[in-house]
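Report on the structure given below.
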Amino acid sequence: MAQTIPVTVLTGFLGSGKTTLLNRILTENHGQRIAVIENEFGEIGVDQDLVINADEEVFEMNNGCICCTVRGDLIRILGNLVKRRDKFDRILVETTGLADPGPVAQTFFVDDDTREAFALDGVITLVDAKHAELHLDDSEEAAAQIAFADVLLINKVDLVDAEAVDALERRLRSMNAVAQIERVRMADAPMDRVLDVGGFDLQRALDLKPGFLEPEYPFEWGGVLHLDSKATFSLRNGPDPAMSAVLEPVDAATPEVLKEAAERVFTRFSMPGDLLQAGAAIPPGGMLQTLALTGAERYDFTLAADRPGFYALFTEHLPEEFDAGFFDVAGAKIELAAEHVFNPEHTHDDSVRSIALELDGEVERSALNAWLSRLLQTRGPDLFRMKGIVAIKGEDRRFVFQGVHMLFDSQPGAPWGDQRRASRLVFIGRNLDEAALEQELRHCLVP
60 MAQTIPVTVL
70 TGFLGSGKTT
80 LLNRILTENH
90 GQRIAVIENE
100 FGEIGVDQDL
110 VINADEEVFE
120 MNNGCICCTV
130 RGDLIRILGN
140 LVKRRDKFDR
150 ILVETTGLAD
160 PGPVAQTFFV
170 DDDTREAFAL
180 DGVITLVDAK
190 HAELHLDDSE
200 EAAAQIAFAD
210 VLLINKVDLV
220 DAEAVDALER
230 RLRSMNAVAQ
240 IERVRMADAP
250 MDRVLDVGGF
260 DLQRALDLKP
270 GFLEPEYPFE
280 WGGVLHLDSK
290 ATFSLRNGPD
300 PAMSAVLEPV
310 DAATPEVLKE
320 AAERVFTRFS
330 MPGDLLQAGA
340 AIPPGGMLQT
350 LALTGAERYD
360 FTLAADRPGF
370 YALFTEHLPE
380 EFDAGFFDVA
390 GAKIELAAEH
400 VFNPEHTHDD
410 SVRSIALELD
420 GEVERSALNA
430 WLSRLLQTRG
440 PDLFRMKGIV
450 AIKGEDRRFV
460 FQGVHMLFDS
470 QPGAPWGDQR
480 RASRLVFIGR
490 NLDEAALEQE
500 LRHCLVP
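Take any residue in the sequence shown, note its place counting from 1, add 59, and you have its number in the working numbering.
Pasting the structure below:
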């Protein structure tokens with residue numbers, strides 16, 4: 060049997076230094092040939108331009124967040140790489156900064172062919188010493204990146220004082236007590252701390268997330284009730300103004316039957332359904348129903364049992380998030396006969412988005428600098444990340460810039476040569492106005 064191919068997953072929140080570390084890995088004399096699978100959150104890929112040219116093969120997947128939609132592509136690309144394994148020694152997967160690395164790591168355990176061909180060597184998470192505290196409190200993705208790490212690299216320690224780094228390390232240690240922690244500048248981690256980590260700890264991943272090895276579902280919860288007649292599903296206001304649900308007849312109240320029913324209703328959650336107001340009925344065996352939860356403190360819906368027996372209800376969110384309960388026609392509480400918390404498909408904060416701009420022509424350096432300065436001063440806290448390649452009037456080389464919140468760095472890139480001179484910029488942040496950003500960039504263009 061052929062030896063498995065080691066895989067390193069490189070993750071970290073936006074602007075933590077993943078591209079800098081990737082450049083180092085691709086150019087240092089470590090004696091290994093590395094194939095890179097790179098993902099970009101946005102419509103226009105920029106990281107490929109930011110990665111220093113190297114002999115290693117770079118794959119860029121530009122179709123959404125790797126933790127949400129790209130797993131099929133990841134398995135496909137890994138399968139293609141197996142056929143060319145004589146050309147490289149290991150694989151590095153760089154995730155987008157908005158990714159929960161769990162589903163990426165999960166790929167190497169749940170797919171049989173992938174598990175036989177590859178071995179997950181480790182998850183490396185970079186942490187921005189200056190901005191980490193801004194994200195750890197309000198970002199599930201940032202917390203997941205810390206929790207799943209085998210190695211934590213606290214980067215940019217030269218930008219903050221030693222006491223702040225000590226406090227950050229204590230917090231990281233409280234979140235992940237078993238990861239190795241290294242303090243680095245400009246992502247200058249020793250290669251033996253990044254490559255050949257020695258193996259991803261599957262048991263720790265299962266401890267963090269018991270459903271780690273389950274497939275992802277478009278719902279978080281399923282419960283089985285025995286109904287003699289119609290019943291009431293009662294909810295209060297929760298974290299979402301709506302709750303999708305499907306009611307399915309089942310033969311028994313066992314975990315196995317519940318999971319079989321989950322497979323049957325899986326596709327219904329991806330299809331449009333009816334919007335139900337409080338007082339409406341959820342029919343058994345039907346399509347997706349979206350329960351409207353706005354304008355009142357409590358909402359009662361009817362579970363329309365058409366015969367006595369067991370029924371499985373699958374809900375988009377956990378019932379306890381909405382103080383939900385089940386009651387018979389007399390108002391008595393109905394206890395669940397079985398329930399299961401599923402591994403849900405990940406969704407992002409809708410206020411966080413990626414805006415990609417691409418404009419032909421050249422820009423005036425002074426106008427560009429003035430605009431970026433204003434942007435950082437007025438929107439810095441909301442701009443997690445910005446990066447781009449800009450064509451400057453009178454310059455033969457690309458202008459490459461990267462920004463994290465109110466920090467900004469730029470340097471000359473590769474010569475344009477005879478290639479089309481155009482500017483490509485990506486902004487990732489909260490509540491961004493795409494039309495306004497494009498108009499402001501257009502004002503920087505040479506007339």
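Every residue gets a Cβ at the ideal spot worked out from N, C-alpha and C, and that includes glycine.
Span separating the alpha-carbon of residue i from that of residue j
{"i": "Ile-205", "j": "Phe-325", "result": "30 Å"}
{"i": "Ala-494", "j": "Leu-80", "result": "33 Å"}
{"i": "Val-459", "j": "His-89", "result": "27 Å"}
{"i": "Val-505", "j": "Ser-469", "result": "20 Å"}
{"i": "Asp-255", "j": "Val-66", "result": "9 Å"}
{"i": "Asp-148", "j": "Met-250", "result": "15 Å"}
{"i": "Ala-46", "j": "Glu-222", "result": "The structure shown does not extend to residue 46, since the chain is modelled only from 60 through 506, so no value can be given for it."}
{"i": "Arg-230", "j": "Leu-218", "result": "18 Å"}
{"i": "Asn-214", "j": "Pro-308", "result": "53 Å"}
{"i": "Trp-430", "j": "Val-422", "result": "11 Å"}
{"i": "Val-316", "j": "Val-283", "result": "9 Å"}
{"i": "Gln-498", "j": "Asp-170", "result": "46 Å"}
{"i": "Pro-440", "j": "Gly-472", "result": "27 Å"}
{"i": "Cys-503", "j": "Leu-496", "result": "11 Å"}
{"i": "Ala-339", "j": "Arg-295", "result": "16 Å"}
{"i": "Ser-198", "j": "Phe-381", "result": "21 Å"}
{"i": "Leu-350", "j": "Glu-375", "result": "10 Å"}
{"i": "Leu-434", "j": "Glu-454", "result": "23 Å"}
{"i": "Gly-71", "j": "Gly-488", "result": "15 Å"}
{"i": "Ala-178", "j": "Ile-64", "result": "6 Å"}
{"i": "Ala-248", "j": "Ala-208", "result": "15 Å"}
{"i": "Met-445", "j": "Glu-417", "result": "14 Å"}
{"i": "Phe-167", "j": "Met-234", "result": "24 Å"}
{"i": "Arg-83", "j": "Gly-76", "result": "11 Å"}
{"i": "Val-68", "j": "Ala-391", "result": "51 Å"}
Classification of residue i by the beta-carbon crowding that lies within 10 angstroms, buried from 16 upward
{"i": "Asn-490", "result": "exposed"}
{"i": "Thr-437", "result": "exposed"}
{"i": "Leu-395", "result": "exposed"}
{"i": "Pro-300", "result": "exposed"}
{"i": "Ala-355", "result": "exposed"}
{"i": "Asp-220", "result": "exposed"}
{"i": "Gln-62", "result": "exposed"}
{"i": "Glu-97", "result": "buried"}
{"i": "Pro-277", "result": "buried"}
{"i": "Thr-86", "result": "exposed"}
{"i": "Val-400", "result": "exposed"}
{"i": "Glu-192", "result": "exposed"}
{"i": "Ala-311", "result": "exposed"}
{"i": "Gln-478", "result": "exposed"}
{"i": "Arg-357", "result": "exposed"}
{"i": "Asp-225", "result": "exposed"}
Minimum Cβ-Cβ distance from residue i to chain B less than 8 Å
{"i": "Pro-298", "result": "Judged by its chain identifiers, the structure shown contains no chain B, having just a single protein chain."}
Expected contact under 8 Å - CB spacing of residue i and residue j to nearest Å
{"i": "Val-210", "j": "Val-237", "result": "About 11 Å separates the two Cβ atoms, so there is no contact after all."}
{"i": "Val-182", "j": "Pro-162", "result": "No, Val-182 and Pro-162 are not in contact; Cβ-Cβ is about 12 Å, not under 8 Å."}
{"i": "Tyr-370", "j": "Leu-362", "result": "7 Å"}
{"i": "Lys-146", "j": "Arg-92", "result": "7 Å"}
{"i": "Leu-185", "j": "Ala-246", "result": "7 Å"}
{"i": "Arg-424", "j": "Lys-452", "result": "7 Å"}
{"i": "Ile-414", "j": "Phe-467", "result": "So it is not a contact: roughly 17 Å between Cβ atoms."}
Which ranges would you report for the alpha helix (DSSP H) in the stretch 311–351 if only whole runs of at least 4 residues count?
-> 314–324
Ignoring anything shorter than 3 residues or poking outside the stretch 164–244, list the beta strand (DSSP E) runs there in chain order.
-> Within the stretch 164–244, the complete beta strand (DSSP E) segments at least 3 residues long are 177–187, 210–214 and 239–242, listed from N- to C-terminus.
Can you find at least 3 beta carbon pairs, one from the stretch 366–376 and one from the stretch 330–337, that sit closer than 8 Å?
-> no
On the three-pair Cβ rule with 8 Å, is the stretch 272–291 touching the stretch 386–394?
-> yes
Give a yes or no on contact between the stretch 130–145 and the stretch 234–245, applying the rule of three or more CB pairs nearer than 8 Å.
-> no
Whole beta strand (DSSP E) elements within the stretch 247–314, 3-residue minimum | 280–286, 290–295 and 301–309
Curious, which full-length alpha helix (DSSP H) runs of at least 4 residues does the stretch 401–480 contain?
-> 424–438
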